[in-house]
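Q: In terms of my numbering, the sequence shown opens at residue 796 and continues consecutively. Note that beta-carbon positions come from the ideal geometry of N, C-alpha and C, so glycine has one too.
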Amino acid sequence: MFCPKCGSDVDQQNSFCTVCGNPFDFEDQHSSASEKTQASLHSINNVPSKIIIGVIIAAVSILLIFICYKPQPQHTVTRYIKAINNNDIDRIMSCLEPEVENHFKELEADEQARELNYLQAFSINDHKILSKEIDGNEAEILVAAVVDYPDSDEPEPEMVKFLLKKFNKGWRIVDMEYL
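1) Would you mind working out which of 950, 873, 857 and 890 sits nearest residue 937, comparing C-alpha positions?
2) If I follow the unbroken beta strand (DSSP E) through residue 938, where does it start and stop?
3) Measuring alpha carbon to alpha carbon, tell me which residue in 954, 917 and 929 is nearest residue 946.
4) Here's a check: name, in chain order, each residue in its chain whose Cβ is nearer than 6 Å to the Cβ of residue 930, leaving out the five neighbours to either side.
5) Between 908, 816, 932 and 906, which has its C-alpha nearest residue 962's C-alpha?
6) If you draw a straight line from the alpha carbon of residue 967 to that of residue 920, how long is it in whole angstroms?
7) Could you tell me the distance, in whole angstroms, from the CA atom of residue 801 to the CA atom of residue 812?
8) Three-state secondary structure (DSSP) at residue 903?
9) Within 10 angstroms of its Cβ, does residue 815 collect 16 or more other Cβ (buried), or is it exposed?
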């Protein structure tokens with residue numbers, strides 16, 4: 796043991812330092828040293844538990860997002876409109892019922908090009924979802940849109956009713972009706 800005042804080596808049987816005369820109690824030093832050791836061990840053990848708790852909270856949050864998220868049919872309509880404006884044929888097909896998507900994939904290249912030209916012939920400048928009705932696995936979305944046709948000088952307002960059906964891959968458009 797060392798003297799806390801002068802640092803010289805001290806016999807544990809003495810109650811004072813033989814070099815500087817500083818009185819001390821070995822039991823207090825042992826208990827305070829042991830308390831410091833326990834406190835440092837507690838703080839070391841506390842860090843991993845905080846990390847583990849943080850990881851668990853993050854995992855539960857992510858799990859809740861996946862459980863609570865339910866795709867909505869209006870999101871499919873919005874994705875479809877964006878895909879038309881971006882001429883993204885893959886995205887367009889992913890919004891349509893699987894039968895149409897599969898039929899398109901089976902077409903010859905020139906037939907696909909004709910379909911693509913038709914889809915690229917117009918763009919939807921603006922749209923607003925006016926109503927949505929969901930009945931089990933079927934939905935009806937009414938949309939007001941401003942459509943820009945290539946043969947028209949001015950964009951034209953249109954009302955479009957989208958009929959959707961829920962498949963394994965989410966909501967898909969099965970029909971569109973201009974009103």
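A: Looking at the coordinates:
1) For the residues 950, 873, 857 and 890, the minimum Cα distance to residue 937 belongs to 873.
2) That run of the beta strand (DSSP E) goes 933 to 943.
3) Of 954, 917 and 929, the residue nearest in Cα terms is 917.
4) Taken in chain order, the list of residues that qualify is empty.
5) Selected option, being the one with the closest Cα: 932.
6) Between residue 967 and residue 920, the C-alpha separation is close to 22 Å.
7) Straight-line Cα distance between these residues: approximately 9 Å.
8) Correct three-state label for residue 903: coil.
9) Exposed, by the Cβ-count rule.
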